[in-house]
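Okay, structure first, notes after.
Protein chains: 2
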Amino acid sequence: MATKTIGVDIGGTKVAAGLVDASGEITCKSRVPMASTGDAAAGLASVETAIDAIFEQAPEARTEVTGIGICAPGPLDPKTGVILNPPNVPCWRNYPLAAEIERVFHVPARVDNDANAAGLAEALWGAGIGYTNVFFAILGTGIGTGIVFDRKIYHGRTGSAAEGGHVTINFNGPVCGCGKRGCIERYASGPNIARRTRERLPGGERSAILELAGSLDAVRAEHVGEAFRAGDAVAREIVTETAHLLTIWLGTIVDLLEPDVMVVGGGVAELMSSFFDDMRSGLKNWAINQRAGEIPLVLARYGSEAGIAGAAALCR
Amino acid sequence: MATKTIGVDIGGTKVAAGLVDASGEITCKSRVPMASTGDAAAGLASVETAIDAIFEQAPEARTEVTGIGICAPGPLDPKTGVILNPPNVPCWRNYPLAAEIERVFHVPARVDNDANAAGLAEALWGAGIGYTNVFFAILGTGIGTGIVFDRKIYHGRTGSAAEGGHVTINFNGPVCGCGKRGCIERYASGPNIARRTRERLPGGERSAILELAGSLDAVRAEHVGEAFRAGDAVAREIVTETAHLLTIWLGTIVDLLEPDVMVVGGGVAELMSSFFDDMRSGLKNWAINQRAGEIPLVLARYGSEAGIAGAAALCR
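Residue numbers (this note's numbering), protein chains in the order written: chain A, 1 to 316; chain B, 1001 to 1316.
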């Protein structure tokens, strides 16, 4: 009998759970609202409800599940499984979530942040299979990264390593939401691609982006992507520039880590995927590593289910 | 009987060797010129001469030495011990240096680049003792870095990881010798500190730097250091700015790697050491890691002997 693990992906408003088999396949899923009160027990109850829903759908899982992994908003301590003080989940302050889950469900539980966990899922089951050193990035609303060595997440001193979205690529650049200047996230996350597009557009130039969005204020990265696929010149300029900025950033990643593979997921990664070859060849200008261009740059296996798969991977 | 290892530090013009005991103490040393011809055998003979000089000074070493480690200019392959095509050592092209040394001296031999090796020496014997994840940087003529996890050098895919001197901190910055723009080395290596000083000085301002150097063209980082220690205002401005730039860079290192300790050596590190506390507290602006300032930033144990100690550490 193959063992399975449950992955739980906690966000500010929802808890998604899934049953994941030994090959990383998600065989059933559940989704419930996350408790919105400041009550720690209510938050735990939301997680329990999502997990119980899995057991209702797949009763055999009660005996097959060997662990429950949880992706939660940080900061958190992956070594102890304690949730520290996440701004998006106000119900938990120094809350021993892993221990509570173990107490309720009687299986080992692990907690980590979403990008670390999703990187592990790619290393075990996805685009990073067979590689020793995996650099993973999720390019979406923010830019999160994970570093996986020998199928283990690299955590650093306190579990706060691999915050690659906040690598400074221009110390004179614009101030990021994090307070630093010129982070790659400040240029290349979805909302920042939209911002750059809004700053670029008022020149009076016609663009399908504006037609799709309806107004300048309404422009989102999705409109840029749709216009790009339709051949719009401004969208192409924005996407090309984004590829250039991501190449500069990957140059730093390669010169520091020289990973065996770079796996990128998220909506922005999908948008950029037709530029992956250009980005790899552009590394000849932005990495001193003469063989940087040989390192595969590939799309992640998991899309919107990266959190569930990643959480489930934590117990493998 | 305690085991010892020999460390050999090969540069473009010299070969230095040392006998190193189990606590990292260098108990005797030798130094010979490096062969300057294009002849591979002559290069090997220079290394042999330096090692033989150790055995002549310490005959008991013939039975005590358990390995010979070698720092050589890159590119090289630390896994196979092959020197690839170093511009500074033209006698060797795809030369199996480790295998040749093993053939001659009948002990295991290892080859690595100087910053990786020096970082390992700090982790085993120096300022990094007791820390799991060590980030090491040598700030001198260039900026070299080493990453040591669990007392082992992190090499990456082909041995070219940890080229931290070429992390881009400003993609609009000046072109570095490596071809990238805005590398930290382009701002904060010794020659680049001198360059920034020369660019700063022609304003007609009086400075002890010019008196020490004799002329603008002759300004070197050493003059900046001497003038700084004497209280010169321009030198203080340059050193303060260098500390700021290094802080930005360390912010990227911390946000990616969150090491347990940051060890820095070399002449520029000594110059900057009175700013280490400022740099650590400056990380609150340049790392999103809220506990970045807790990470020790310390001077390396080894100075000019880092190459010998590092090479000897390769066989521990």
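We put the beta carbon where it would ideally sit given N, CA and C, even for glycine.
Inset, instruction - Could you check the C-alpha separation between residue 1153 of chain B and residue 1096 of chain B for me, to the nearest Å? - result: 20 angstroms
Inset, instruction - Using only alpha-carbon positions, find the residue among A:80, A:52 and A:93 that is nearest to residue 317 of chain A. - result: What the structure shows of chain A is the stretch from 1 to 316, and residue 317 of chain A is not part of that stretch, so it cannot be assessed.
Legend entry - Sequence-distant residues of the same chain with beta carbon closer than 6 angstroms to residue 148 of chain A, five excluded per side: 119, 120, 123 and 134
Inset, instruction - Mark residue 1004 of chain B as exposed unless 16 or more other C-beta atoms lie within 10 angstroms of its C-beta, in which case mark it buried. - result: buried
Inset, instruction - Entirely within the segment 1228 to 1269 of chain B and at least 4 residues each: give me those alpha helix (DSSP H) ranges in chain order. - result: 1233 to 1257
Legend entry - Within-8 angstroms CB hit, residue 248 of chain A to chain B: yes
Legend entry - Beta-carbon proximity check, residue 315 of chain A vs residue 26 of chain A, cutoff 8 angstroms: no
Inset, instruction - Just tell me which of B:1297, B:1261 and B:1031 has its CA closest to the CA of residue 1047 of chain B. - result: B:1031
Inset, instruction - Please report how far the alpha carbon of residue 1207 of chain B lies from the alpha carbon of residue 252 of chain A, in whole angstroms. - result: 37 angstroms
Legend entry - In DSSP terms, what residue 1107 of chain B is bridged to: DSSP output for residue 1107 of chain B lists no bridge partner at all.
Inset, instruction - Enumerate in chain order the residues of its own chain whose CB-to-CB distance from residue 89 of chain A is below 6 angstroms, with the five nearest sequence positions on each side excluded. - result: 73
Legend entry - Classification of residue 1155 of chain B by the beta-carbon crowding that lies within 10 angstroms, buried from 16 upward: buried
Inset, instruction - Taking only the alpha-carbon atoms, compute the straight-line gap between residue 1209 of chain B and residue 1083 of chain B and give it to the nearest angstrom. - result: 41 angstroms
Inset, instruction - Could you please tell me which residues of the segment 1112 to 1134 of chain B, in chain order, have their CB closer than 7 angstroms to any CB of chain A? - result: 1133
Inset, instruction - Give, in chain order, every unbroken run of the beta strand (DSSP E) that is at least 3 residues long and sits entirely within the segment 4 to 66 of chain A. - result: 4 to 10, 14 to 20 and 26 to 33
Inset, instruction - At 7 angstroms on the CB atoms, spell out the chain B contacts of residue 161 of chain A, in chain order. - result: 1256, 1257 and 1258
Inset, instruction - List the residues of chain A whose Cβ lies closer than 8 angstroms to the Cβ of residue 1179 of chain B, in chain order. - result: 285 and 288
Legend entry - Per-residue contacts from residue 1195 of chain B into chain A (C-beta, under 7 angstroms): The contacting residues do not exist; residue 1195 of chain B stays about 18 angstroms from chain A at best.
Legend entry - 8 angstroms contact criterion, which residue 1016 of chain B and residue 1009 of chain B should meet: CB distance rounded: 5 angstroms
Legend entry - Short CB-CB distance (under 8 angstroms) between residue 156 of chain A and chain B: yes
Inset, instruction - Let me know the secondary structure DSSP gives residue 133 of chain A once reduced to three states. - result: strand
Legend entry - Whole-angstrom C-beta distance between residue 267 of chain A and residue 190 of chain A, which should lie under 8 angstroms: 6 angstroms
Legend entry - Rounded straight-line distance, which links the Cα of residue 225 of chain A to that of residue 234 of chain A: 11 angstroms
Legend entry - For residue 1114 of chain B, the three-state DSSP class (helix, strand or coil): helix
Inset, instruction - Taking 8 angstroms as the cut-off, decide whether the C-beta atoms of residue 1100 of chain B and residue 255 of chain A are in contact. - result: no
Legend entry - Outcome for residue 13 of chain A when other beta-carbon atoms lying within 10 angstroms are tallied against a minimum of 16: exposed
Legend entry - Rounded Cβ spacing between residue 1127 of chain B and residue 1091 of chain B (contact assumed at less than 8 angstroms): Incorrect: roughly 35 angstroms between the Cβ atoms, too far for contact.
Inset, instruction - Using the DSSP secondary-structure output, state which residues sit across from residue 1146 of chain B in a beta bridge. - result: B:1136
Inset, instruction - Could you list the residues in the segment 1229 to 1245 of chain B with a C-beta less than 7 angstroms from some C-beta on chain A, going in chain order? - result: none
Inset, instruction - Taking residue 314 of chain A as part of the alpha helix (DSSP H), name the residues at either end of that continuous run. - result: Premise fails: residue 314 of chain A is in no alpha helix (DSSP H) and is neither H nor E.
Inset, instruction - Measure the C-alpha to C-alpha separation of residue 1198 of chain B and residue 1211 of chain B and round it to an integer number of angstroms. - result: 13 angstroms
Legend entry - 8 angstroms Cβ shell around residue 1219 of chain B - same chain, five flanking residues per side excluded: 1194, 1197, 1198, 1201, 1209, 1210 and 1213
Inset, instruction - Taking residue 54 of chain A and residue 76 of chain A to be in contact with their CB atoms under 8 angstroms, please state how far apart those CB atoms are, rounded to whole angstroms. - result: About 22 angstroms; that fails the 8 angstroms criterion.
Legend entry - Bridge partner(s) assigned by DSSP for residue 183 of chain A: A:168
Inset, instruction - Enumerate in chain order the residues of its own chain whose CB-to-CB distance from residue 1175 of chain B is below 7 angstroms, with the five nearest sequence positions on each side excluded. - result: 1181
Inset, instruction - Answer yes or no: does any C-beta atom of chain A fall closer than 8 angstroms to that of residue 1037 of chain B? - result: no
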